[in-house]
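Using numbering that gives the first Met the number 0, the first residue of the sequence shown is number 0, and each one after it goes up by one. From the three backbone atoms N, C-alpha and C, an ideal C-beta is built for every residue, glycine too.
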Amino acid sequence: MALLHRATISPTKLELLTDWVPTQPWGEPGLELVGAYRFDDPDGEVGIETHLVATAGGRTLQVPLTYRGAPLAGADEQLICTMEHSVLGRRWIYDATGDPVYAQVLASVLLAGAGQAEELVEGADAPREPSVRVTGSGTASGDVPPVGDVRTSSDTSSTVLEIGDLRIVVRRRLDEPAPADVESRLTGTWSGVDAPVLLAYVD
0 MALLHRATIS
10 PTKLELLTDW
20 VPTQPWGEPG
30 LELVGAYRFD
40 DPDGEVGIET
50 HLVATAGGRT
60 LQVPLTYRGA
70 PLAGADEQLI
80 CTMEHSVLGR
90 RWIYDATGDP
100 VYAQVLASVL
110 LAGAGQAEEL
120 VEGADAPREP
130 SVRVTGSGTA
140 SGDVPPVGDV
150 RTSSDTSSTV
160 LEIGDLRIVV
170 RRRLDEPAPA
180 DVESRLTGTW
190 SGVDAPVLLA
200 YVD
């Protein structure tokens, strides 16, 4: 379960996305937040949140982030910025596709049936409804390889994570045509989108 603090953050998530996303090969300017979904880090140390944003040009982009309480060694290229959080202090914000914790959790969702995190706002009696609802195709009997080094590459439509022999595609531009014949996949729906959209898959 993701515990969401009633906190002040600087920069805001929209501000950091507005600065960083247009610099990426799949990015565009003029962002508005559409929704987000979260996964749980089994160790409870790393925040894992994926944002969907709309661009001024009419695209819908997917941007996974990880939130850490200390720098991730060897991941300077994936560091987006640092954030000041009024409850948790300084946070290091990473492009999640290069973070081994995100890679391990995403592989578990795709292959072994791990689910979306519930979102509990601090002081609330029950979890809130997420703005993006996602479903993975994995089953509890699925085999998930341990994640060590993660190699990534991006083009104008997606980011590929290579984890040993496992190759995971995270779709960035969700309005573009998606492959239809993938078995291990993550799909999602959100406000105004009732038909499941392919978010990530094993290639």
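Buried or exposed by the 16-neighbour rule on C-beta atoms within 10 Å, applied to residue i
i	result
residue 158	buried
residue 209	This structure cannot speak to residue 209, because the chain is shown only from 0 to 202.
residue 95	buried
residue 86	exposed
residue 118	buried
residue 160	buried
residue 187	buried
residue 166	exposed
residue 11	exposed
residue 182	exposed
residue 67	buried
residue 98	buried
residue 48	buried
Residue i to residue j span [Cα, whole Å]
i	j	result
residue 65	residue 190	24 Å
residue 26	residue 152	14 Å
residue 78	residue 104	19 Å
residue 102	residue 133	16 Å
residue 31	residue 130	14 Å
residue 137	residue 128	23 Å
residue 41	residue 84	22 Å
residue 21	residue 145	32 Å
residue 177	residue 194	13 Å
residue 175	residue 155	11 Å
residue 88	residue 46	14 Å
residue 54	residue 100	28 Å
Range covered by the alpha helix (DSSP H) that runs through residue i
i	result
residue 102	99-111
residue 14	12-19
Boundaries of the beta strand (DSSP E) in which residue i is found, first to last residue
i	result
residue 51	46-53
residue 65	59-67
residue 32	31-38
residue 157	157-162
residue 119	118-120
residue 76	Looking at the DSSP string, residue 76 is not in any beta strand (DSSP E), and its letter there is neither H nor E.
residue 186	184-189
residue 152	150-153
residue 88	88-94
Expected contact under 8 Å - CB spacing of residue i and residue j to nearest Å
i	j	result
residue 51	residue 35	7 Å
residue 185	residue 135	5 Å
residue 8	residue 82	6 Å
residue 37	residue 116	4 Å
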